[in-house]
Structure formats: structure tokens, C-alpha cells
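Inspection log for the structure reproduced underneath, given as C-alpha cells.
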Amino acid sequence: MIEAKSIKENLDVVHRRIQSACERVGRNPDEIQIMPVTKTVHPSRIKEVLKLGFTEIGENRIQEAERKVVELQDHDPQPTWHFIGHLQSNKVKNVVRFATMVQSIDRLKIARRLNKELKKKGETLDVLIQVNVSGEDSKYGINPGDATSFVKEVAQFERLNVKGLMTIGLFSNDWPKVRKGFKMLRELGDEINALKMENVSMEHLSMGMTNDFELAIEEGATMIRIGRVIFGERTTSDSFYWPGIKTDTN
Ligand SMILES: *Cc1c(COP(=O)(O)O)cnc(C)c1O
Numbered sequence: 344m345i346e347a348k349s350i351k352e353n354l355d356v357v358h359r360r361i362q363s364a365c366e367r368v369g370r371n372p373d374e375i376q377i378m379p380v381t382k383t384v385h386p387s388r389i390k391e392v393l394k395l396g397f398t399e400i401g402e403n404r405i406q407e408a409e410r411k412v413v414e415l416q417d418h419d420p421q422p423t424w425h426f427i428g429h430l431q432s433n434k435v436k437n438v439v440r441f442a443t444m445v446q447s448i449d450r451l452k453i454a455r456r457l458n459k460e461l462k463k464k465g466e467t468l469d470v471l472i473q474v475n476v477s478g479e480d481s482k483y484g485i486n487p488g489d490a491t492s493f494v495k496e497v498a499q500f501e502r503l504n505v506k507g508l509m510t511i512g513l514f515s516n517d518w519p520k521v522r523k524g525f526k527m528l529r530e531l532g533d534e535i536n537a538l539k540m541e542n543v544s545m546e547h548l549s550m551g552m553t554n555d556f557e558l559a560i561e562e563g564a565t566m567i568r569i570g571r572v573i574f575g576e577r578t579t580s581d582s583f584y585w586p587g588i589k590t591d592t593n
């Protein structure tokens, strides 16, 4: 395997790429938050990004996240954990214990359970609604056509603060198609925003990963979730996280 460059060097490259993407469309790079995604990444390497000031961290699996929460509990600075994976209802209790934001709300049942659990604890939670813009069966997320009514329903749960939308782009090298999905998410965000629902803001558009973050930025991302471009390739394949995906990117 090729020796990965240092995390710092990789992040410098990411910054330059964000800068260029922003220049192409006249955006300010300060509007774009980098969220390191640390699945499969050893805690010692997570400490490196924390030290560099990236403290909002994304994890895809509950058990792995819980392990890391413990392993990093005495670290300064502390990470703020975002749960970005598929959430099962029997894991709702667990996620409430460590997550500052859950980005993957796509079923009413999950929203209801979260609300109930938060109520018991006297807490609230920021959430994003996950939308399946690519239409791939293998990805979780609400259908774009159902997103507005879904947001309305989630907004009824007083313990959940809807803060925006999240998507996983189409796994493809057909960039115009990938871009179309990101554009769709932004337009959905604009439409929902225009409705001025109580308990709903559209401040976050969480979209863009290692393969497509520049496109996502060009289409309006405020938060990019990137793993491999910072930490190097994973040894687990993507089908481990998204069962049944077809990918023509590698
Ligand atoms: C793994 C993961 C990412 C980051 O993917 P990379 O290709 O490593 O950048 C982003 N979002 C979610 C939901 C993920 O599970």
C-alpha cells in the first residue's frame, strides 16, 4: 500500500481544492465546514485532526462510534460527534448518549423514538433530514418528492431541531448526474426554507464526500463529510456501509 501523506498535508490540499471550487462559483470558503469522517480510522489519527482544530467528527456506525467516544474521552480538545449512518430503532438510546447531531433522519419511527428518548433525558438534538437524491435503492434517505412533508412531520417533534438536509451523492463518474443530485438537494432546501416552518432551519446542506466534494460545494454545500481524502483509503469496501451498492468509480 502507498504510504499515506500526513493528515496535515492532506488537509492543506483539501483547503486548496475548496478554495478553487469556491472561486469557480463566487462563494466564500468560510461558508464551508469540513467534517472529518473517521470510520475505520484509529483514535490516534483522530487526535491529529482534533489538534488541527477539526473537532466535529462524523461516524457511520454506532458501536464503532461508542468505542471511540470512550477512547477519546480524556482528549483535549474534545470531539463533537455527528452520527451520519443508518440508524436502527434499537440504537436510538445509544446515539442520544454521544451525538450532538444526527444527520441521517429518514423514517418517522426513528424521529419519534428519538424524541421520546430525548424527552426522558430533558434534552434536545439537532438533526438533518437525509434525502436520497440519487434514487439508488441501496442508499437510505427519504425520496425527494416526500421531503417537504417529511420535514413538516419531523418538525412536530419538539425535542428535534431540524437544521437542514443531508445526502450521499450518486456513486458514479458521470459528473453531470452527480451534480444534478446536489443541485436537487439545494433546491429542496430553498423550497423548505421558503415555507418558514417553526422549528426548522435550513442552515446546513451536508453533501459531498471524497469523490465529489468540489461539485457539492459548487452546488451549495455548507458541510462536506470527507474521510479518505484526509486519512487515506479504507480497507473495508463501501458495500460494507451501503449494502448492495453498485459503483462505477473504481
Ligand atoms: C464514509 C462516509 C463519508 C465519507 O466518505 P469518503 O469517501 O471517505 O470521503 C461521508 N458520509 C457518510 C454517510 C459516510 O458513511
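Residue numbers (this note's numbering): 344 to 593.
Cβ atoms here follow ideal geometry from the backbone N, Cα and C, with glycine treated the same way.
| Item | Value |
| --- | --- |
| beta-carbon N403 near ligand 1 non-hydrogen atom, thresh 8 Å | yes |
| Counterpart residues of F525 in DSSP-defined beta bridges | F525 pairs with nothing; no bridge assigned. |
| Complete runs of the alpha helix (DSSP H) confined to the stretch 471-527 [at least 4 residues] | 490-498 |
| Proximity of R502 and L461 at Cβ, strictly below 9 Å | yes |
| Exposure label - N593; buried when at least 16 CB within 10 Å | Low confidence applies to N593: its pLDDT is 38, below 50, so where it sits in the model is not reliable, and the reading given next is rough at best. That one is exposed. |
| DSSP-derived helix/strand/coil call for Q362 | helix |
| beta-carbon M552 near ligand 1 non-hydrogen atom, thresh 8 Å | yes |
| Separation of T565 from A442, as counted between CA atoms | 20 Å |
| Identity of the residue in L558, T553, D517 nearest F574 by Cα | T553 |
| Uninterrupted alpha helix (DSSP H) stretches inside the stretch 363-428 (no shorter than 4 residues) | 386-394, 405-414 |
| Sub-9 Å separation of L415 and Q406 beta-carbons | no |
| Cβ pair G532, M545 closer than 9 Å | yes |
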